[in-house]
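**Q**
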Amino acid sequence: MRVAIIGAGPCGLTSIKSCLDEGLEPVCFEKGTDLGGLWRYTTTETGHASVYNACVMVTSKEMSCFSDFPIPKHHPLYLPHVLAKSYLDLYADNFNLRPHISFNTKVLQVLRSQMGNKDQWKVTYEKRPSQDEPTNTTETQVFDAVLVCSGHHWQPYIPQLPGAEKFHGEIIHSNSFRETRDFYGKNVLVVGIGDSAVAIATELSQVVNKVYLSTRRGSWITSRIQAFGIPSDQFLQRRFFFDLPRGLTDWVCMKVVNAKFDHRNFGLLPSNSYLQQPPVVNDFLPYKIISGAVLIKPDVSTLTEKDVIFVDGSVAKDIDTIILATGYNYTFPFLDENMVKFKNNSPMMYKHMFRVEEKPSIAFIGCLQPVGCMFSVAELQARLATRVFKGLVKLPAIREMEQDIAENLARRESESYDAKKHSTVVYYIPYCNSLAEIIGCRPRLGRMLFSDPLLALRCYFGPCSPPQYRLTGPGAWGGARRAIMEIQERNVAQMRKKVLGTSYQNVLIKIVVGLLCLYFVLVRVVFQ
Numbered sequence: 009m010r011v012a013i014i015g016a017g018p019c020g021l022t023s024i025k026s027c028l029d030e031g032l033e034p035v036c037f038e039k040g041t042d043l044g045g046l047w048r049y050t051t052t053e054t055g056h057a058s059v060y061n062a063c064v065m066v067t068s069k070e071m072s073c074f075s076d077f078p079i080p081k082h083h084p085l086y087l088p089h090v091l092a093k094s095y096l097d098l099y100a101d102n103f104n105l106r107p108h109i110s111f112n113t114k115v116l117q118v119l120r121s122q123m124g125n126k127d128q129w130k131v132t133y134e135k136r137p138s139q140d141e142p143t144n145t146t147e148t149q150v151f152d153a154v155l156v157c158s159g160h161h162w163q164p165y166i167p168q169l170p171g172a173e174k175f176h177g178e179i180i181h182s183n184s185f186r187e188t189r190d191f192y193g194k195n196v197l198v199v200g201i202g203d204s205a206v207a208i209a210t211e212l213s214q215v216v217n218k219v220y221l222s223t224r225r226g227s228w229i230t231s232r233i234q235a236f237g238i239p240s241d242q243f244l245q246r247r248f249f250f251d252l253p254r255g256l257t258d259w260v261c262m263k264v265v266n267a268k269f270d271h272r273n274f275g276l277l278p279s280n281s282y283l284q285q286p287p288v289v290n291d292f293l294p295y296k297i298i299s300g301a302v303l304i305k306p307d308v309s310t311l312t313e314k315d316v317i318f319v320d321g322s323v324a325k326d327i328d329t330i331i332l333a334t335g336y337n338y339t340f341p342f343l344d345e346n347m348v349k350f351k352n353n354s355p356m357m358y359k360h361m362f363r364v365e366e367k368p369s370i371a372f373i374g375c376l377q378p379v380g381c382m383f384s385v386a387e388l389q390a391r392l393a394t395r396v397f398k399g400l401v402k403l404p405a406i407r408e409m410e411q412d413i414a415e416n417l418a419r420r421e422s423e424s425y426d427a428k429k430h431s432t433v434v435y436y437i438p439y440c441n442s443l444a445e446i447i448g449c450r451p452r453l454g455r456m457l458f459s460d461p462l463l464a465l466r467c468y469f470g471p472c473s474p475p476q477y478r479l480t481g482p483g484a485w486g487g488a489r490r491a492i493m494e495i496q497e498r499n500v501a502q503m504r505k506k507v508l509g510t511s512y513q514n515v516l517i518k519i520v521v522g523l524l525c526l527y528f529v530l531v532r533v534v535f536q
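Numbering-wise, the sequence shown is residues 9 to 536 according to our numbering.
1) Going by beta carbon distance, what residues of the same chain come within less than 6 angstroms of glycine 200, once the five residues before and after it are set aside?
2) Give me whichever residues DSSP pairs with asparagine 337 in a beta bridge.
3) Methionine 123 by DSSP, collapsed to three states: which one?
4) Any heavy atom of the ligand HEM inside 7 angstroms of the beta-carbon of alanine 390?
5) Out of Gly40, Asp97, Lys126 and Thr223, state which residue places its alpha-carbon closest to the alpha-carbon of tyrosine 114.
6) If we call anything under 8 angstroms between Cβ atoms a contact, is tryptophan 129 one with valine 150?
7) Let me check understanding here. Comparing Cα to Cα, which of Asn280, Ser299, Phe469 and Gly171 lies closest to glutamine 214?
8) Cutting at 7 angstroms between CB atoms, please list the residues of its own chain near leucine 516, excluding the five before and the five after it.
9) To the nearest angstrom, how far is it from the Cα of tyrosine 95 to the Cα of asparagine 195?
10) Give me, in chain order, the residues of the same chain whose beta-carbon lies closer than 7 angstroms to that of arginine 391; leave out the 5 immediate sequence neighbours on both sides.
11) Identify whether leucine 508 lies in helix, strand or coil by the three-state DSSP scheme.
12) Mapping DSSP to helix, strand and coil, what is glutamine 502?
13) Looking at the structure shown, is glutamate 178 part of a helix, part of a strand, or coil, going by DSSP?
14) On the CB-based measure, 16 or more other CB atoms within 10 Å of its CB, does valine 323 come out buried or exposed?
15) Under the rule that 16 or more other beta-carbon atoms within 10 Å means buried, what is arginine 395, buried or exposed?
16) Look at leucine 43 and valine 11 and say whether their C-beta atoms are less than 8 angstroms apart.
17) Taking all protein chains shown into account, decide if glycine 487 is buried (16 or more other Cβ within 10 angstroms of its Cβ) or exposed.
18) Kindly indicate the opening and closing residues of the beta strand (DSSP E) around alanine 301.
19) Identify which residue in Pro34, Glu38, Glu53 and Asp29 has its Cα closest to the Cα of alanine 16.
20) Suppose contacts are defined by Cβ-Cβ distances below 8 angstroms. Is threonine 188 in contact with alanine 62 by that definition?
21) Find the nearest neighbour of valine 118 within the set Asp344, Ser459 and Gly380, judged by alpha-carbon distance.
22) In the DSSP assignment, find the unbroken alpha helix (DSSP H) run with glutamate 70 in it and report its ends.
23) Quick check on DSSP: helix, strand or coil for isoleucine 233?
24) Pick helix, strand or coil for alanine 491, following the three-state DSSP scheme.
25) Per the DSSP calculation, glutamate 415 is bridged to which residue(s)?
26) Would you tell me roughly how many angstroms separate the C-alpha atoms of asparagine 416 and alanine 501, rounded to the nearest one?
27) Just checking my contact of glycine 393 with methionine 347 at CB under 8 angstroms: how many whole Å lie between their CB atoms?
28) Classify leucine 479: buried if its beta carbon has 16 or more other beta carbons within 10 angstroms, exposed otherwise.
29) What residue range is occupied by the uninterrupted alpha helix (DSSP H) comprising glutamate 445?
30) I need the boundaries of the beta strand (DSSP E) containing tyrosine 95, first residue and last residue.
31) Can you list, in chain order, the residues of its chain with a C-beta nearer than 8 angstroms to that of glutamate 365? Leave out the 5 residues immediately preceding and following it.
32) If we call anything under 8 angstroms between Cβ atoms a contact, is alanine 172 one with leucine 311?
33) Tell me the DSSP secondary structure of glutamine 513 in three-state form.
34) Rounded to the nearest angstrom, what separates valine 504 and serine 473 at their Cα positions?
35) Apart from the five residues on each side of it in sequence, which residues of its chain come closer than 7 angstroms, Cβ to Cβ, to proline 451?
36) Nearest to histidine 160 by CA position, among Asp270, Asn183, Met9 and Ser72, is which residue?
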C-alpha cells in the first residue's frame, strides 16, 4: 500500500516512520529544502512558516520526545529551536526517513479517484528547479491513502482593526516575525495573549523603545518551572490529576499560578477558570510588567495615523509597528473545499483526524492544539491512522463517530470560554488515552500494579511521558520502562555531572502525596 504524506515536519516524520513500522510504502512531499516544518528556522524562504530566532520550547524534553526515541540526555531541559530541529534530524537519521522525502516539492491537488472497486487518490505536485531539472515540472501519482501533515500555521488570521486604513505604521502577523533587531528603537504593539504574543513582547522589550501587549480577556500565566524545580508540564500532566474532580483541579491550578503573582494587579486576570483555556507559558512576563518593560493594555478600539486608542480610553502614541499574534485559519488549499467540513473554525473530524466514512483512506495529522507537545500526540495519531489504513483497526460505525464529534463539540462549547478560538484544543492525557485505547497500546495500570507495582505507581502519579504508550500492545518498545523510570535523572543530566541522592523534602512530599492518593490507586487503578 502506497501512502502519500504531505509535509515533513514533526507530524510528517512520525507518519513516515509509522508507515514503515506497518510495512506500508510512504512517499513524503515537502515544499521546503529541508525537514522540520515550523522548527526549521529560516529568513529567506517565502511562504515558509518558521519559529522566531529566540524561540524555546514550552514543553520539557521528557514530555516532548517521540515515544520510542528519547531526546538526548545531554540536551537541556527545554530545547531552543536549534536543538529541537537537531532532534528531528536525529530522529529522521536514526530511522532512515530521509530517503522517503521528496524536497522542493509542492502538492497542488489531492483528488479522490475510483479505480474499479478500489478507493485511491491522485496527488498532483510541482517540483521546483534543481541542478538535474532546471525548470518546474508538474507530475501526478496515484496512492492508496493520504496523510495530511501540513499543519495549520500557514494562513494567518488577520482581524480588521478599526482605522487600519489610515494607520501610517506597519501591521504584520507574528507569522513573519523572526528577529528582534529588526525593531530596534521602535514603539511596538503586540495584539494577542497566546504563547507567541507574550514571548514576542518579552523578547522585544530588550531592544525597542516601548512595547505594549493588548489583550481582550487576559490569560493565566505559568512558568516553565514549578516548585522544587519540577517542569510545569511534568507537574500537571499526571494521570492522578485527571482522576480528581475537575472543579478541584481547576481551583488548585488557579491558586498555584496566582501564588507567583496576582493576575488581577498585573492586568491579566481572565474571566475564565484555568481549565477553560490553555495557559500561557512564559517565565519573564511578570518581571517585564513590574519593571515597565511591557505595558499591558486592553482591546484595541481604533487606530489613528500614528496612535492606537484602546477601549478604556488610554492611548499608545507614535506606534511604528503592530504585530498581530492572532492565530491561524485552518486551510487545505490542495483539497476540494467539500472534503473537510468546519464549524467554529474546527474541522469536523473523528478524533480530529478522520472524515466520517466507512473506510477512511485519508487522515489529518496535527490538526489540533494539544495542551502538551504536538510531537507525541501526532505520533499516536499516525500510529492509529496507519493501522486503520492497513485494516488492523476498525473505527466505530458512522453514527457513533458523528455522535462522538457532536459530544466533543458540545463539551468544548460548555467548558471553553471561547469555543471558536479553542475549538481544536485537547488535553494531552484524555486525548492520548482515547487514541491508545483504539490502537491497543494504553497501559493497563491495574494489571501492572501486580506485575510491576513500582512502574504502575510511577505511571499513575508521575509525569505521563510518551513512552507510557510503548509499554504494551502494537509497537511496544523495550526501552519504555527505563525511559519512564529515569525521567528525573534525565531532567537534571545537562545541568550537573552527578545526580545527588533524593532530598528529605522530596521523600516527604512523596509520602504525603502517596497517603492522600491511596484511595485513587484502589478505585481508579485496581478496579478500572
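For glycine and all other residues, C-beta sits at the position ideal for the given N, C-alpha and C.
Keep in mind that this is a model prediction, so the values were computed, not measured.
**A** In this structure, then:
1) In the sequence shown, the residue the question calls residue 200 occupies position 192. Contacts found: Ala333 and Thr334.
2) In the sequence shown, residue 337 corresponds to position 329, counting from 1. Asparagine 337 is bridged to Gln163.
3) Taking the first residue of the sequence shown as 1, we reach residue 123 at position 115. Correct three-state label for methionine 123: strand.
4) The ligand content of the structure shown is nil, which means the ligand HEM is not present either.
5) Position 106 of the sequence shown, counted from the start, is the residue given in the question as residue 114. It is worth fixing the name first, because residue 114 is lysine in this sequence and not tyrosine. Considering only alpha carbons, the answer is Gly40.
6) Within the sequence shown, the letter at position 121 stands for residue 129. Within the sequence shown, the letter at position 142 stands for residue 150. Yes; because the gap between Cβ atoms is below 8 angstroms, this pair is in contact.
7) For the purposes of this step, residue 214 is taken as the residue at position 206 of the sequence shown. Cα-wise, what sits closest to glutamine 214 is Ser299.
8) Reading the sequence shown from its first residue, position 508 is the one you call residue 516. Confidence at leucine 516 is low in this model, with a pLDDT of 47, below 50, so its placement is unreliable and the value that follows should be read with caution. Result list for leucine 516: empty, nothing under 7 angstroms.
9) Counting from one through the sequence shown, the residue named residue 95 turns up at place 87. Counting from one through the sequence shown, the residue named residue 195 turns up at place 187. When rounded, the distance between both Cα atoms is 36 angstroms.
10) As a position in the sequence shown, residue 391 is number 383, starting the count at 1. Once the five neighbours on either side are set aside, the close Cβ partners of arginine 391 are Ser26, Ile447 and Gly483.
11) Here residue 508 refers to the residue found at position 500 when the sequence shown is read from its first residue. Any reading at leucine 508 needs caution, since the residue's pLDDT is 49, under 50, leaving its predicted position unreliable; the model's value is listed next. Residue state, collapsed to three classes: coil.
12) Here the question's residue 502 lines up with position 494 in the sequence shown. Of the three classes helix, strand and coil, the one that applies to glutamine 502 here is coil, per DSSP.
13) As a working note, residue 178 is residue 170 in the sequence shown. DSSP places glutamate 178 in strand when its eight states are reduced to three.
14) Reading the sequence shown from its first residue, position 315 is the one you call residue 323. Label assigned to valine 323: exposed.
15) Here residue 395 corresponds to residue number 387 of the sequence shown, with the count starting at 1. Under this definition arginine 395 is a buried residue.
16) Translated into the one-based positions of the sequence shown, residue 43 becomes position 35. Translated into the one-based positions of the sequence shown, residue 11 becomes position 3. Contact: no.
17) Translated into the one-based positions of the sequence shown, residue 487 becomes position 479. The residue is exposed, with fewer than 16 neighbouring Cβ atoms inside 10 Å.
18) For this step, residue 301 is matched to residue 293 along the sequence shown. Taken as a continuous stretch (DSSP letters only), alanine 301 belongs to no beta strand (DSSP E), as it is neither H nor E.
19) Numbered from its first residue, the sequence shown carries residue 16 at position 8. Checked all of Pro34, Glu38, Glu53 and Asp29; the closest Cα to alanine 16 is Glu38.
20) For the purposes of this step, residue 188 is taken as residue 180 along the sequence shown, with counting starting at 1. For the purposes of this step, residue 62 is taken as residue 54 along the sequence shown, with counting starting at 1. Result yes, Cβ atoms of threonine 188 and alanine 62 sit closer than 8 angstroms.
21) Here residue 118 refers to the residue found at position 110 when the sequence shown is read from its first residue. Checked all of Asp344, Ser459 and Gly380; the closest Cα to valine 118 is Asp344.
22) The residue you call residue 70 lines up with position 62 of the sequence shown. It spans 69 to 72 - the alpha helix (DSSP H) in which glutamate 70 sits, taken as one unbroken run.
23) Locating residue 233 in the sequence shown gives position 225, where the first residue counts as 1. The answer is strand: DSSP assigns isoleucine 233 an E or B state.
24) Locating residue 491 in the sequence shown gives position 483, counting from the first residue. In the structure shown, alanine 491 sits in a helix (DSSP, three-state: H, G or I).
25) The count along the sequence shown starts at 1 and reaches residue 415 at position 407. DSSP, once it has assigned bridges, lists no residue as partnering glutamate 415.
26) One-based indexing of the sequence shown puts residue 416 at position 408. One-based indexing of the sequence shown puts residue 501 at position 493. Cα to Cα, the separation comes out at about 40 angstroms.
27) Within the sequence shown, numbered from 1, the residue matching residue 393 stands at position 385. Within the sequence shown, numbered from 1, the residue matching residue 347 stands at position 339. In the sequence as presented, glycine is not what sits at residue 393; that position holds alanine. Not quite, the Cβ-Cβ distance comes to about 16 angstroms (not below 8 angstroms), so this is no contact.
28) The residue given as residue 479 occupies position 471 in the sequence shown. Its Cβ being crowded by 16 or more others within 10 Å, leucine 479 is buried.
29) Taking the sequence shown and counting its residues from 1, one reaches residue 445 at position 437. Run containing glutamate 445: 436 to 447, per the alpha helix (DSSP H) assignment.
30) In the sequence shown, the residue the question calls residue 95 occupies position 87. No beta strand (DSSP E) holds tyrosine 95; the alpha helix (DSSP H) holding it covers 89 to 102.
31) Residue 365 sits at position 357 when you count from the first residue of the sequence shown. Excluding residues within five positions, the ones whose Cβ falls inside 8 angstroms are Ile406.
32) On the sequence shown, residue 172 is found 164 positions in, with the first residue counted as 1. On the sequence shown, residue 311 is found 303 positions in, with the first residue counted as 1. Yes. Within cutoff.
33) Taking the sequence shown and counting its residues from 1, one reaches residue 513 at position 505. Because glutamine 513 sits at a pLDDT of 47, beneath the cut-off of 50, its placement in the model cannot be relied upon, and the following sentence gives the value as read from the coordinates. Glutamine 513: helix per DSSP, three-state reduction.
34) Residue numbering aside, residue 504 sits at position 496 when the sequence shown is read from its first letter. Residue numbering aside, residue 473 sits at position 465 when the sequence shown is read from its first letter. First, the amino acid is wrong: residue 504 is arginine here, not valine. Each residue's Cα considered, the two are about 22 angstroms apart.
35) Along the sequence shown, read from residue 1 onward, the residue named residue 451 stands at position 443. Once the five neighbours on either side are set aside, the close Cβ partners of proline 451 are Cys467, Gln476, Leu479 and Thr480.
36) Here residue 160 refers to the residue found at position 152 when the sequence shown is read from its first residue. For the residues Asp270, Asn183, Met9 and Ser72, the minimum Cα distance to histidine 160 belongs to Asn183.
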